[in-house]
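Right, one structure below, let's go through it.
Number of protein chains: 2
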Amino acid sequence: MCQLLGMNCNSDAAITFSFTGFAARGGRTAAHVDGWGMAFYERSGCRVFHDDQPASESPLAEFLSRYPIKSRIVIAHLRRATQGDVTIANCHPFQREWLGQTWLFANNGDLTSFHPTLNGPYRPVGSTDSERAFCWLLQELRHRFADRQQPPAWHELAPHVAQLSEVIARHGNFNFLLTNGEALYTHCSSRLQVLQRRHPFPMARLVDCDMSLDLSAMNGQNDRLVIVATDPLTTDEAWQPLATGECRVFVDGEEVWRQVNPATRAFPIVDATIGRPWSGLRQRASTAWPLLLRDIAR
Amino acid sequence: MCQLLGMNCNSDAAITFSFTGFAARGGRTAAHVDGWGMAFYERSGCRVFHDDQPASESPLAEFLSRYPIKSRIVIAHLRRATQGDVTIANCHPFQREWLGQTWLFANNGDLTSFHPTLNGPYRPVGSTDSERAFCWLLQELRHRFADRQQPPAWHELAPHVAQLSEVIARHGNFNFLLTNGEALYTHCSSRLQVLQRRHPFPMARLVDCDMSLDLSAMNGQNDRLVIVATDPLTTDEAWQPLATGECRVFVDGEEVWRQVNPATRAFPIVDATIGRPWSGLRQRASTAWPLLLRDIAR
Chain D
1 MCQLLGMNCN
11 SDAAITFSFT
21 GFAARGGRTA
31 AHVDGWGMAF
41 YERSGCRVFH
51 DDQPASESPL
61 AEFLSRYPIK
71 SRIVIAHLRR
81 ATQGDVTIAN
91 CHPFQREWLG
101 QTWLFANNGD
111 LTSFHPTLNG
121 PYRPVGSTDS
131 ERAFCWLLQE
141 LRHRFADRQQ
151 PPAWHELAPH
161 VAQLSEVIAR
171 HGNFNFLLTN
181 GEALYTHCSS
191 RLQVLQRRHP
201 FPMARLVDCD
211 MSLDLSAMNG
221 QNDRLVIVAT
231 DPLTTDEAWQ
241 PLATGECRVF
251 VDGEEVWRQV
261 NPATRAFPIV
271 DATIGRPWSG
281 LRQRASTAWP
291 LLLRDIAR
Chain G
1 MCQLLGMNCN
11 SDAAITFSFT
21 GFAARGGRTA
31 AHVDGWGMAF
41 YERSGCRVFH
51 DDQPASESPL
61 AEFLSRYPIK
71 SRIVIAHLRR
81 ATQGDVTIAN
91 CHPFQREWLG
101 QTWLFANNGD
111 LTSFHPTLNG
121 PYRPVGSTDS
131 ERAFCWLLQE
141 LRHRFADRQQ
151 PPAWHELAPH
161 VAQLSEVIAR
171 HGNFNFLLTN
181 GEALYTHCSS
191 RLQVLQRRHP
201 FPMARLVDCD
211 MSLDLSAMNG
221 QNDRLVIVAT
231 DPLTTDEAWQ
241 PLATGECRVF
251 VDGEEVWRQV
261 NPATRAFPIV
271 DATIGRPWSG
281 LRQRASTAWP
291 LLLRDIAR
């Protein structure tokens, strides 16, 4: 299984603080060591960083923890391989273009039995079940909006994303972050947590590192953002679990749509760490990185 | 206009030395300051780095000059905008997936009058003429190999790439690097140079920095690689200009295919630096970066 981190904000924000705690789970406080990825939208463009090393040991992850890239939508992923080799091609987020927008997708799940017919323009580059599911999801969205010359709006897409997710989630746990840079689409089968931050901003303390940050010093009265993660990244903040079968959409740091499909069920979690070596400490640790501690820095 | 750098090798190689000289042209020794990008294939996966800052001032470029990513095919691009804003979405290389392979494209040219019909699956995300040409090129390749379930081989693709390039090159200068990670396809309208390195390896001196490297210490008898660049990166090596209308393909550090289309002509070069501010020094300068000086390091 893997770890997801997503952020959506109403202004350009850097999440080096959250990423620092998150990246510790890539070998320092947890065993998600089979590569990682992080993507930032900057207007219509996006930058995607991948590495097949554990995030906690990756010079590129260290660089990103010190280099605040400001974005309204960020998604990140730590991989613990269940299907597919440890290689760059299998690192999330995956990306494809549709109607002039770059779509990104990161998944935490296990879709062993999902082998859909891919007869559209998208084929997996790597060998993960996640990329296969992403290709099918985009293929079906393209098919449903085949007459469009411009990208559909989030309120048109959301019911289709939810319905297609329900189909895929019959085959295994399917917790994902999906985005075109305008909206952040999320789905929960078994495990996904969401946190809304707005004025008044609290003092936040990372779960995975001995680190705290006064968010009120970093944010203004009108700032708001949503953070979505597999497990809460901070203590003393009101993280809320999504329900099984729940799909939520976020735009400009606000939830704008939600739907729960009662037919979806959570599958027993296959712990990929069983029987696989990991030399990490599995304890709360201070980071060795020099840090720029800021979530939203203007 | 822009600057291109491509590398194809018969084993995994790092080109931090070449990139150091190349990146200096992004604001230090030349005015290609409107962003840059660099991409590395690692098996079937690839990593693409973009920045809209000048390469000579970019912390990310500095990071890559110190972090040797080993790859058999690398392409890099320094942008001097002629069409499209200075933004991440307009930074080369551009990428699209076709039949499970990531295709990358970087261009130095100016295709003002090229506005093809895009009726396939690809649309530009940014606003450059280059990305438009790339979308059309891949669209036409898909169309010509529509019956394939597996990627065509380079010897099947090369004549089509050359023929489609000729069509595009009627509209303006079209010097490009194109790759799927297996072969490096190149086309020259006006300006592209190639260098083959193999045993015995020389001492190489960068044109753009006060830096030399004994390549024989870095490479073995069986190593061979090809470097393609808009302008020679080193002195004392046998760079060869491609002819106008020439298409060459490189695989495993060797030229495997070439064709010259005599109908192609070079257009007068529009110097985008005229009338635009640039505060660079325009002189041969030593770099401020701490460096790992190695082209191929095993």
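If you read the sequences in order, they're chains D and G. Residue numbers for the first sequence follow our numbering, so the first one is 1 and each next one is one higher. Residue numbers for the second sequence follow our numbering, so the first one is 1 and each next one is one higher. For glycine and all other residues, C-beta sits at the position ideal for the given N, C-alpha and C.
Going by other Cβ atoms of all chains shown within 10 Å of its Cβ, with 16 needed for buried, is G:Gly45 buried or exposed?
Along the second sequence, read from residue 1 onward, the residue named residue 45 of chain G stands at position 45. So G:Gly45 ends up on the buried side.
Work out the CA separation of G:Ser130 and G:Gly27 for me, nearest whole Å.
The residue given as residue 27 of chain G occupies position 27 in the second sequence. The residue given as residue 130 of chain G occupies position 130 in the second sequence. If I take the Cα positions, the gap works out to 22 Å.
Could you tell me the alpha carbon to alpha carbon distance between G:His187 and D:Asp51, rounded to whole angstroms?
Numbered from 1 along the second sequence, position 187 holds the residue referred to as residue 187 of chain G. Numbered from 1 along the first sequence, position 51 holds the residue referred to as residue 51 of chain D. Cα-Cα distance, rounded: 31 Å.
Can you tell which of G:Ala183, G:Arg224 and G:Tyr185 has its C-alpha closest to the C-alpha of G:Pro202?
Translated into positions along the second sequence, residue 202 of chain G becomes position 202. Minimum Cα distance to G:Pro202 is reached at G:Arg224.
Exposure of G:Asn119, with buried meaning 16 or more beta-carbon neighbours within 10 Å
Sequence index remark: in the second sequence, residue 119 of chain G carries index 119 (1-based). By the neighbour-count rule (16 or more Cβ atoms within 10 Å), G:Asn119 is not buried but exposed.
Residues sharing a beta bridge with D:Met211, DSSP:
For the purposes of this step, residue 211 of chain D is taken as residue 211 along the first sequence, with counting starting at 1. BP columns for D:Met211 are empty, so no partner.
Closest Cβ-Cβ distance between G:Ile88 and chain D: below 8 Å?
For the purposes of this step, residue 88 of chain G is taken as the residue at position 88 of the second sequence. Yes - at least one Cβ of chain D is within 8 Å of the one on G:Ile88.
Span of the beta strand (DSSP E), counted from its first residue to its last, around G:Gly45
Working through the second sequence from its first residue, we reach residue 45 of chain G at position 45. G:Gly45 -> beta strand (DSSP E) spans Gly45 to Asp51.
Strictly by DSSP, which residues pair up with G:Cys9?
Your numbering for residue 9 of chain G matches position 9 in the second sequence. According to DSSP, G:Cys9 bridges with G:Leu225.
Determine the closest residue to D:Arg111 out of D:Ile168, D:Asp147, D:Glu57 and D:Arg144, with distance taken between C-alpha atoms.
Within the first sequence, the letter at position 111 stands for residue 111 of chain D. For the record, residue 111 of chain D in the displayed sequence is Leu; it is not Arg. That would be D:Ile168, whose Cα lies nearest to the Cα of D:Leu111.
My assumption, with CB atoms under 8 Å, is that G:Asn173 sits in contact with G:Gly84. Please give the rounded CB distance.
Residue mapping note: residue 173 of chain G aligns to position 173 of the second sequence, counting from 1. Residue mapping note: residue 84 of chain G aligns to position 84 of the second sequence, counting from 1. With 8 Å as the limit, G:Asn173 and G:Gly84 do not qualify as a contact, their Cβ atoms being about 16 Å apart.
Report the rounded CA-to-CA distance for G:His143 versus G:Asp208, giving the unit in angstroms.
In the second sequence, residue 143 of chain G corresponds to position 143, counting from 1. In the second sequence, residue 208 of chain G corresponds to position 208, counting from 1. Looking at the two C-alpha atoms, the distance is approximately 42 Å.
Which of helix, strand or coil DSSP assigns to G:His160:
For the purposes of this step, residue 160 of chain G is taken as the residue at position 160 of the second sequence. Helix at G:His160.
Using the Cα positions of D:Trp136 and G:Ala146, report the straight-line distance between them to the nearest angstrom.
As a position in the first sequence, residue 136 of chain D is number 136, starting the count at 1. As a position in the second sequence, residue 146 of chain G is number 146, starting the count at 1. The alpha-carbon atoms of D:Trp136 and G:Ala146 are separated by roughly 19 Å.
Which value, in whole angstroms, describes the spacing of the CA atoms of D:Ile227 and D:Arg197?
The count along the first sequence starts at 1 and reaches residue 227 of chain D at position 227. The count along the first sequence starts at 1 and reaches residue 197 of chain D at position 197. About 8 Å.
Can you name the start and end residues of the alpha helix (DSSP H) that G:Cys188 belongs to?
Numbered from its first residue, the second sequence carries residue 188 of chain G at position 188. That residue, G:Cys188, is in no alpha helix (DSSP H); its beta strand (DSSP E) goes Leu184 to Cys188.
Kindly indicate which three-state DSSP category G:Ala133 falls into: helix, strand or coil?
In the second sequence, the residue the question calls residue 133 of chain G occupies position 133. If DSSP states are grouped into helix, strand and coil, G:Ala133 belongs with the helices.
Determine the DSSP secondary structure at G:Trp257, reduced to helix, strand or coil.
As a working mapping, residue 257 of chain G is identified with position 257 in the second sequence. Correct three-state label for G:Trp257: strand.
Mind checking if D:Cys46 is an interface residue toward chain G, Cβ cutoff 8 Å exclusive?
Indexing the first sequence from 1 puts residue 46 of chain D at position 46. Cβ-Cβ to chain G under 8 Å: yes for D:Cys46.
Kindly list the residues whose CB is nearer than 8 Å to the CB of D:Val251, restricted to its own chain and excluding five residues on each side of it in sequence; keep chain order.
Counted from its first residue, the first sequence places residue 251 of chain D at position 251. Answer for D:Val251: Asn8, Trp154, Glu182, Ala183 and Leu184, listed in chain order.
Identity of the residues DSSP links to G:Val249 by a beta bridge
Position 249 of the second sequence, counting from 1, holds the residue named residue 249 of chain G. DSSP, once it has assigned bridges, lists G:Tyr185 and G:Trp257 as partnering G:Val249.
Under 8 Å between C-beta atoms, does G:Gly26 make it to chain D?
Taking the second sequence and counting its residues from 1, one reaches residue 26 of chain G at position 26. G:Gly26 does not count as touching chain D.
For D:Phe114, verify whether its CB is less than 7 Å away from any heavy atom of the ligand MG.
Judged by which ligands are present, the structure shown has none, so any question about the ligand MG falls away.
Could you compute how far the alpha carbon of D:Val161 sits from the alpha carbon of G:Ser216?
Counting from one through the first sequence, the residue named residue 161 of chain D turns up at place 161. Counting from one through the second sequence, the residue named residue 216 of chain G turns up at place 216. Their backbone Cα atoms lie some 56 Å apart in a straight line.
With DSSP as the reference, please indicate the residues paired to G:His77 in a beta bridge.
Taking the second sequence and counting its residues from 1, the one referred to as residue 77 of chain G is at position 77. G:His77 is bridged to G:Leu4 and G:Gly37.
Within the same chain, show all residues whose beta-carbon is closer than 8 Å to that of D:Asp236, passing over the 5 residues directly before and after it, in chain order.
Position 236 of the first sequence, counting from 1, holds the residue named residue 236 of chain D. Closer than 8 Å at the Cβ level, and outside the excluded window around D:Asp236, lie Pro202, Met203, Ala204 and Arg205.
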